[in-house]
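Undergrad: Take a look at the following structure, please.
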Amino acid sequence: MNLKILWIYNDLMDLYGDKGNAEVLRVRCEKRGIACEIDKKSIGDEIDISDYDLFFMGGGADREQGLIYRDLLARKRSIVKAMEEKTAFLLICGGYQLFGKYYKDQDGEVVDGLGIFDYYTESTDRDHRCIGNIAVEVTMDGETFKAVGFENHGGQTKNVSASLGKVLYGHGNAFNCGEEGFLNDQVLATYMHGPLLPKNPKIADLLIKRALKKRYGDVTLEPLDDTMEDQAREVMLKRLKV
Ligand code: GLN
Numbered sequence: 047m048n049l050k051i052l053w054i055y056n057d058l059m060d061l062y063g064d065k066g067n068a069e070v071l072r073v074r075c076e077k078r079g080i081a082c083e084i085d086k087k088s089i090g091d092e093i094d095i096s097d098y099d100l101f102f103m104g105g106g107a108d109r110e111q112g113l114i115y116r117d118l119l120a121r122k123r124s125i126v127k128a129m130e131e132k133t134a135f136l137l138i139c140g141g142y143q144l145f146g147k148y149y150k151d152q153d154g155e156v157v158d159g160l161g162i163f164d165y166y167t168e169s170t171d172r173d174h175r176c177i178g179n180i181a182v183e184v185t186m187d188g189e190t191f192k193a194v195g196f197e198n199h200g201g202q203t204k205n206v207s208a209s210l211g212k213v214l215y216g217h218g219n220a221f222n223c224g225e226e227g228f229l230n231d232q233v234l235a236t237y238m239h240g241p242l243l244p245k246n247p248k249i250a251d252l253l254i255k256r257a258l259k260k261r262y263g264d265v266t267l268e269p270l271d272d273t274m275e276d277q278a279r280e281v282m283l284k285r286l287k288v
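In the numbering used here, each residue's number is its place in the sequence shown (first place is 1) plus 46.
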């Protein structure tokens, strides 16, 4: 068995350690004897997205989002095709925003999104951002558990049809919104940086299962020792009193 990951715009969309997400996927696969290939691609690169089991895009400041969005929009057909072929998607923050209708930044500049989902994102002004630690009760693929992360976004995402989970501490999709991220059968989109997967190995494993399903069907992953990760998450949950 092998897992093929596309990490798109690795050079531009990589805030607050998003690269750790790719690393965790690789390590958790290799510990189980599953070979894992991570291809880093960026603006102008030829990519056949259908070749991959998992599409990963990190977050970025307004500047980086402005630099990459045209390239991303030009790939829409190939992204939709990969979705139809059951590729798994992990989208963080700026990546999350750009799969919706549009992102309006703090200066009122509008960056078009792929429009694959109906949500849209608007910033208010420079003084109001959702910043800080966040804890979320995630419900994913039949499992409910607590996840932790770090959010820093001016954009307020509205009209999200199905969230990743309920906010226990922090903001989520918009100021004091109560709901965090977007989730469907293939796409996990979230404001949780931190990075997400080293802090929340359960999400990493659910993503690996989703990605392997494309070519191998339902697989059972042998459990790994997550004592350290679980302890670290408990410390944060305790600090946030949730
Ligand atoms: N630039 C976007 C915002 O501020 C996304 C930020 C991010 O990816 N952390 O909302």
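We treat Cβ as the ideally placed atom computed from N, Cα and C, and that holds for glycine.
Compare the C-beta of Glu-268 with all C-beta atoms of chain B and state if any pair is closer than 8 Å.
TA: The structure shown contains no chain B; it is built from a single protein chain.
Undergrad: Within the chosen definition, does the stretch 76-87 reach the stretch 53-60 through at least 3 CB pairs nearer than 8 Å?
TA: Short answer: they touch.
Undergrad: Compute the Euclidean distance between the alpha carbons of Leu-100 and Met-274, then round it to the nearest angstrom.
TA: Between Leu-100 and Met-274, the C-alpha separation is close to 26 Å.
Undergrad: Report buried or exposed for Gln-277, applying the criterion of at least 16 other Cβ atoms within 10 angstroms of its Cβ.
TA: Gln-277 comes out exposed.
Undergrad: If we require 4 or more residues per run, which alpha helix (DSSP H) segments fall completely within the stretch 219-272?
TA: As far as the stretch 219-272 is concerned, its whole alpha helix (DSSP H) runs of at least 4 residues are 242-245 and 247-262.
Undergrad: Have a look at Ile-138 and Gly-154 and give me their C-alpha separation to the nearest angstrom.
TA: If you take the alpha carbons of Ile-138 and Gly-154, they lie about 22 Å apart.
Undergrad: Using CA atoms only, rank isn't needed, just tell me which of Asp-173, Gly-224 and Glu-183 is closest to Lys-204.
TA: Residue Gly-224 is the option with its Cα nearest to Lys-204.
Undergrad: Whole angstroms are fine: how far does the CA of Thr-170 sit from the CA of Tyr-262?
TA: Taking the straight line joining both Cα atoms gives about 45 Å.
Undergrad: Taking the alpha helix (DSSP H) that Asn-67 belongs to, which residues open and close that run?
TA: Residues 65-76.
Undergrad: Compute the Euclidean distance between the alpha carbons of Gly-141 and Asp-60, then round it to the nearest angstrom.
TA: In a straight line, the C-alpha of Gly-141 is about 10 Å away from that of Asp-60.
Undergrad: Under 8 Å between the Cβ atoms of Val-233 and Gly-211?
TA: Contact: no.
Undergrad: Please find out if some non-hydrogen atom of ligand 1 comes closer than 7 Å to the beta-carbon of Asp-158.
TA: No, the Cβ of Asp-158 stays beyond 7 Å of every heavy atom of ligand 1.
Undergrad: Assign Phe-196 to buried or exposed, taking buried as 16 or more other Cβ atoms, counted over all protein chains shown, within 10 Å of its Cβ.
TA: Buried, because 16 or more other Cβ atoms sit within 10 Å of the Cβ of Phe-196.
Undergrad: Does the stretch 171-181 come close enough to the stretch 118-132 that 3 or more CB-CB pairs lie under 8 Å?
TA: Contact fails: fewer than three Cβ-Cβ distances are below 8 Å.
Undergrad: Would you list the residues sitting across from Gly-211 in a DSSP beta bridge?
TA: Its beta-bridge partners are Val-184 and Glu-226.
Undergrad: For ligand 1, is there a heavy atom less than 7 Å away from the beta-carbon of Gly-140?
TA: Checking the Cβ of Gly-140 against ligand 1 gives yes.
Undergrad: Is the closest heavy atom of ligand 1 to the C-beta of Asn-45 under 7 Å?
TA: A question about residue 45 goes unanswered here, because the residues of the chain that appear run from 47 up to 288.
Undergrad: With DSSP run on the structure shown, which of helix, strand or coil describes Gln-202?
TA: Looking at Gln-202 - three-state DSSP - the assignment turns out to be strand.
Undergrad: Any heavy atom of ligand 2 within a distance shorter than 7 Å of the CB on Asp-164?
TA: Absence of ligand 2 is noted for the structure shown, with ligand 1 being the only ligands found.
Undergrad: Could you please give me the residues that DSSP links to Ile-177 through a beta bridge?
TA: Partner(s): Asn-198.
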